[in-house]
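Enquirer: Let me begin by handing over the structure; questions about it come next.
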Amino acid sequence: TATVGLAGSMVALAFIDDLKQAGQCPNWWICQLGHRNRQLAQTWAKQYTDAGAAWLGVTGDHPYTPNRDRNIRNKFHNYRSGVLAPVIPSLSWEYISWLKEASPLPVVVKGILNAEDAAAAVKYGADGIVVSNHGGRAYDGAVPTLVALPECVEAVRGRIPVMLDGGIRRGSDVLKALALGAKAVMVGRPPAWGVAAFGSVGVQRVMELLAAELTVSMGIAGAPNLAAVKRGMVRLPWEEYRL
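So the sequence shown is numbered by our numbering: it starts at -6 and just counts up by one.
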């Protein structure tokens, strides 16, 4: 069975309340960029725990606002090139303990791209990690998530779930991520395109297409179910090819 998840933004409470009242609230979790001190972090954790979130997430790869060429060209949200704009530069692994002191919910760290950080997330008490390069928007030349995934999975050694975010465009991409060790994937842009084109029906159709394409890809790869998806179904560019 699949669990429908909704990752909330920092201003999502009114939206969640509307869904609750309509009896349509999914299993959802909240993710943000951190806070400057323990008090702010714990106030936030308690607020969203009380609101019904299933997980608390923190994005750890955004201490400063990056250069985003499209945003700069489009004059979006005061983005400027070459300006060191702090977000939460003081964010550290201690942040996980701040949240855990204030909430019983699992804490997920997003933005992991190497084995060292994956292992550190486990060491400092994270309940899950998300391998993510911030949608490829933060740093030119950042490692692709599928390339970073195997070493993060190996470093975690099954102690916590490893998820993947970024670059999922087809059901075959989902299969690749699962074969490389991800327990789940996240999709951001395709549902956004769907809602822009057709509203909620567009989002539903995008997710249906991804699920259908995954089923086809699994059939072609010889996997009758998710348990049959194996690492050998994917060969990365530097791995030796064998007939």
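We put the beta carbon where it would ideally sit given N, CA and C, even for glycine.
Take the Cβ of residue 55 as the centre, count every other Cβ of all protein chains shown within 10 Å, and call the residue buried at 16 or more, exposed below.
Expert: For the purposes of this step, residue 55 is taken as residue 62 along the sequence shown, with counting starting at 1. Under this definition residue 55 is a buried residue.
Enquirer: Decide yes or no for the touch test of the stretch 123 to 135 against the stretch 146 to 160: beta carbon pairs closer than 8 Å, at least 3 of them.
Expert: A contact exists between the stretch 123 to 135 and the stretch 146 to 160.
Enquirer: Threshold first: 3 residues or longer. Then list the beta strand (DSSP E) segments lying entirely within the stretch 38 to 125, N to C.
Expert: Runs of the beta strand (DSSP E) inside the stretch 38 to 125: 49 to 52, 100 to 105, 121 to 125.
Enquirer: Checking contacts by CB at 8 Å: is residue 140 closer than that to chain C?
Expert: In summary, chain C is missing from the structure at hand, where a single protein chain is found.
Enquirer: Taking all protein chains shown into account, do 16 or more other C-beta atoms lie within 10 angstroms of the C-beta of residue 166, making it buried, or fewer, making it exposed?
Expert: Numbered from 1 along the sequence shown, position 173 holds the residue referred to as residue 166. The residue in question, residue 166, is buried, as its Cβ has 16 or more Cβ neighbours within 10 Å.
Enquirer: Alpha carbon to alpha carbon, how far is residue 52 from residue 114?
Expert: Locating residue 52 in the sequence shown gives position 59, where the first residue counts as 1. Locating residue 114 in the sequence shown gives position 121, where the first residue counts as 1. In a straight line, the C-alpha of residue 52 is about 12 Å away from that of residue 114.
Enquirer: Taking the alpha carbon of residue 231 as the point to measure from, which residue in 91, 62, 140 has its own alpha carbon closest?
Expert: For the purposes of this step, residue 231 is identified with residue 238 of the sequence shown, where counting begins at 1. That would be 140, whose Cα lies nearest to the Cα of residue 231.
Enquirer: List the residues that DSSP assigns as beta-bridge partners of residue 200.
Expert: Taking the sequence shown and counting its residues from 1, the one referred to as residue 200 is at position 207. Bridge partners of residue 200: none, in fact.
Enquirer: Note down, one range per segment and in chain order, each alpha helix (DSSP H) of at least 4 residues found wholly within the stretch 127 to 184.
Expert: Runs found: 138 to 149, 164 to 172.
Enquirer: Have a look at residue 62 and residue 211 and give me their C-alpha separation to the nearest angstrom.
Expert: Here the question's residue 62 lines up with position 69 in the sequence shown. Here the question's residue 211 lines up with position 218 in the sequence shown. Cα to Cα, the separation comes out at about 37 Å.
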